[in-house]
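Residue numbers (my numbering), protein chains in the order written: chain A, 529 to 671; chain B, 529 to 671; chain C, 529 to 671; chain D, 529 to 671; chain E, 529 to 671; chain F, 529 to 671.
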């Protein structure tokens with residue numbers, strides 16, 4: 529049966545900074561530049577979750593998008609939206625709040641839950657600004 | 529020789545509904561939600577067709593984009609644009625008009641025709657709203 | 529006190545056709561082209577509602593955006609989203625479902641309700657496709 | 529001579545919260561909702577500065593866009609980008625950091641400087657998310 | 529009767545440079561920067577033409593958009609698309625090819641033709657890049 | 529260790545034409561259509577460079593985006609922005625200036641330099657208009 533990929537976008541607005549406590553202010557600024565501003569900065573993040581599966585014969589759905597949207601909200605958006613990524617999020621505690629690290633943690637929260645819905649998490653894309661974004665395939669390297 | 533991927537976007541505006549005749553109204557609404565509205569709803573669809581090939585030495589082209597655009601119009605857009613996906617489209621008859629099913633049928637209409645043009649259909653992307661889209665690789669699973 | 533304009537975007541997906549019952553099929557097609565397809569077509573509509581007012585000294589708000597969003601949903605989106613503009617909408621009955629006519633009717637539904645919230649409806653913009661949109665200032669002609 | 533309007537877009541990423549110290553936590557959350565999160569949240573802001581003037585006969589310019597861009601950077605972006613709008617910005621001190629208030633303050637910083645360049649500040653637009661933005665005409669009400 | 533504004537977008541891709549023959553190379557580069565590159569550069573231009581009028585009672589149209597699109601193509605796009613704005617365009621000859629000057633000339637070509645269609649040209653917007661655009665109201669200054 | 533893909537967008541505005549000197553004018557126009565206009569045309573190009581790697585434990589970075597941005601500017605943008613792709617660019621000399629050929633040459637300029645930064649070039653995307661773009665994986669064919 530033919531596999532189709534379906535993607536749902538959700539959004540969240542969050543504050544963060546790139547900062548290592550054990551480093552001096554100078555080193556933090558040297559490495560992280562403006563992203564190390566002590567009083568934080570923030571972004572509108574766009575999160576794209578791509579799920580792979582075979583369309584159901586009766587519904588034509590790979591996955592019910594309302595269910596997928598609700599899952600992403602409960603597992604990810606409710607934790608990150610209008611939050612501080614460094615201070616407010618249990619599953620990011622102790623982690624440098626780079627988009628690279630955040631996307632891996634989002635994958636870990638969604639992978640099994642999507643399997644329980646009968647589909648397969650295939651890709652996540654996290655857009656920080658119009659000029660940069662990260663993508664993650666669960667550690668796979670399609671190219 | 530190095531393979532390059534080139535993508536052409538075309539657009540169509542169509543009506544559809546998600547509805548199974550053999551189901552009760554209640555079941556249709558329960559499964560398909562607002563998409564089951566009896567009198568239809570509609571979307572601006574964006575269709576991205578990606579073709580793979582080696583650039584021609586004289587033209588630098590993988591495929592002539594005017595030819596590709598014309599092919600997509602004749603095979604797909606003329607059938608779907610300002611149409612009802614459930615009622616007006618021969619190649620969708622008897623099929624649940626989900627984006628998952630529509631993208632597979634579009635692939636089937638384009639695959640051989642593009643081969644006849646000396647290139648290879650590699651991917652189709654069909655965007656229904658800014659929040660959801662489907663992608664299809666002819667059944668291949670690159671990730 | 530300085531007036532600021534604040535805009536809220538909401539979206540709806542709807543079916544419609546441009547069609548006059550008293551005209552022949554030929555005349556309908558001649559005047560309305562592909563938009564006269566008998567079995568409907570549809571769009572993703574973007575609705576921008578612009579409200580004018582003085583920022584409140586305590587909140588810094590011209591209007592509470594959650595309240596404005598909720599008002600637009602109750603008065604407009606719930607009536608139009610996943611609906612047929614010709615068949616399903618009380619306040620569009622008997623009207624040619626052109627964007628020009630729809631935007632006037634949306635204005636009429638919002639103007640007083642926004643005044644009751646202590647602000648002033650200044651402009652509505654209704655986007656049908658990336659290539660065409662209408663704007664309405666309640667009959668005013670700023671330019 | 530014919531007046532033309534020219535607009536330059538600049539961007540900044542900032543943290544903020546909507547919060548009144550003299551209010552209880554409950555009242556802050558009731559009025560400002562998720563925007564009152566104590567540890568801040570943030571946005572990618574798009575700032576559009578529109579200047580009005582007559583094209584220069586030799587250059588065809590209303591204003592030199594590099595000069596305008598540099599002015600916006602020095603007067604606005606350098607103060608707001610990767611900053612906390614509540615804590616880090618001199619000209620926003622003591623002010624509720626709503627987009628309505630921020631846009632008025634940006635106008636005040638640019639108006640005279642643009643006049644000194646021989647043009648006239650006509651409009652500012654500040655986009656906070658894809659769903660809301662504010663516009664300001666220096667207190668004028670064109671509609 | 530209530531006036532509604534309707535906008536049609538058309539696009540063209542063109543080369544140009546900002547250059548005065550009577551100036552030295554140094555002065556050209558000093559004034560026009562990278563835009564003075566002798567061998568040209570180019571842009572994807574987005575042209576938005578806004579027409580004002582009362583919706584027709586039978587059609588609901590301010591103006592037939594196919595007619596408007598065709599007019600813009602014949603009067604503007606066919607002259608500018610895949611052209612050199614300095615060399616190939618009769619109505620731009622002898623003029624500095626700045627967006628400010630181009631938009632005035634486009635207005636002059638469209639104003640009467642749109643009046644002949646029973647509507648009124650209200651505004652033109654010409655977008656050169658995502659960071660700059662010009663707007664023209666026929667010399668009017670709504671704000 | 530998990531590989532993450534990070535993408536940086538840069539932009540350039542350039543003139544070009546599709547033209548073979550050894551062909552007649554008629555053949556050039558027949559093959560390349562409007563793109564063969566003798567006096568050039570141009571585009572706003574969007575260049576997306578995707579790099580693959582493991583996030584650094586201390587910084588959370590696959591690659592420092594400022595370093596990547598600077599590299600792309602020095603190696604690519606400074607050569608292409610406000611230039612003529614046929615006349616002004618050393619590394620495109622003697623080559624048909626199609627997007628397919630340009631993207632391969634950009635890859636060749638970036639691949640080793642990115643390896644020297646400890647990461648791996650994974651994909652380049654070059655967008656010519658909203659309707660067409662090319663993608664290149666260094667000759668790999670992930671799908």
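Built from N, CA and C at the ideal position, the CB exists for glycine as well.
Run of the alpha helix (DSSP H) containing residue i, from where it starts to where it stops
i             : result
residue 596/D : 593-600
residue 629/E : 627-644
Per-residue contacts from residue i into chain D (C-beta, under 8 Å)
i             : result
residue 664/E : 530, 532 and 533
residue 660/E : 534, 535, 536, 537 and 593
residue 639/E : Neighbours of residue 639/E on chain D: none; closest Cβ ~12 Å, over 8 Å.
residue 541/A : 569, 570, 571 and 657
Where residue i sits in the DSSP three-state scheme
i             : result
residue 556/E : helix
residue 539/B : strand
residue 562/D : helix
residue 620/F : helix
residue 579/E : strand
residue 609/F : coil
residue 604/D : helix
residue 590/B : coil
residue 667/F : coil
residue 572/C : strand
8 Å Cβ cut-off: residues of chain F touching residue i
i             : result
residue 631/A : 532
Chain E residues whose Cβ lies nearer than 7 Å to that of residue i
i             : result
residue 714/C : It is not possible to answer for residue 714/C, since the shown part of chain C is limited to 529 through 671.
residue 572/F : 571, 572 and 657
Which listed residue (the options) has its alpha carbon closest to that of residue i
i             : options                       : result
residue 535/B : 596/B, 565/B and 547/B        : 596/B
residue 636/E : 600/E, 541/E and 529/E        : 600/E
residue 587/B : 560/F, 616/F and 613/F        : 560/F
residue 593/A : 628/B, 579/B, 540/B and 641/B : 628/B
residue 575/F : 583/F, 539/F, 609/F and 564/F : 539/F
residue 610/E : 569/F, 625/F and 664/F        : 569/F
residue 660/D : 543/D, 544/D, 571/D and 530/D : 571/D
residue 550/A : 622/A, 658/A and 652/A        : 622/A
residue 668/F : 585/B, 542/B and 580/B        : 580/B
residue 546/A : 651/F, 563/F and 589/F        : 589/F
residue 643/C : 652/C, 619/C, 591/C and 671/C : 591/C
residue 634/D : 658/D, 615/D, 662/D and 647/D : 662/D
residue 578/E : 584/E, 604/E and 647/E        : 647/E
residue 652/F : 658/F, 666/F, 552/F and 640/F : 666/F
residue 603/B : 618/B, 531/B and 664/B        : 618/B
residue 565/D : 606/A, 658/A, 664/A and 620/A : 606/A
residue 562/A : 624/D, 543/D and 626/D        : 543/D
residue 645/D : 530/D, 624/D, 598/D and 613/D : 598/D
residue 624/F : 608/B, 567/B, 649/B and 585/B : 585/B
residue 656/F : 670/F, 638/F, 631/F and 640/F : 631/F
residue 582/F : 557/F, 553/F, 530/F and 608/F : 530/F
residue 613/F : 532/F, 640/F, 557/F and 541/F : 541/F
Under 7 Å by beta carbon: chain A residues contacting residue i
i             : result
residue 614/B : The contacting residues do not exist; residue 614/B stays about 12 Å from chain A at best.
residue 590/F : 628
Under 8 Å from the C-beta of residue i: neighbouring residues of chain A
i             : result
residue 565/B : Near residue 565/B there are no residues of chain A at all, since even the closest Cβ is about 15 Å away, more than 8 Å.
Start-to-end residues for the beta strand (DSSP E) that takes in residue i
i             : result
residue 545/E : It is not in any beta strand (DSSP E) - residue 545/E carries neither H nor E in the DSSP assignment.
residue 662/A : 660-664
residue 655/B : 648-657
Chain-ordered chain C contacts of residue i [CB-CB under 7 Å]
i             : result
residue 559/D : 587
8 Å Cβ cut-off: residues of chain E touching residue i
i             : result
residue 609/F : 562 and 569
Cβ of residue i within 9 Å of any chain H Cβ
i             : result
residue 643/D : Chain labels in this structure do not include chain H; the protein chains are A, B, C, D, E and F.
Neighbour list for residue i in chain E, Cβ cutoff strictly below 9 Å
i             : result
residue 580/D : 669 and 671
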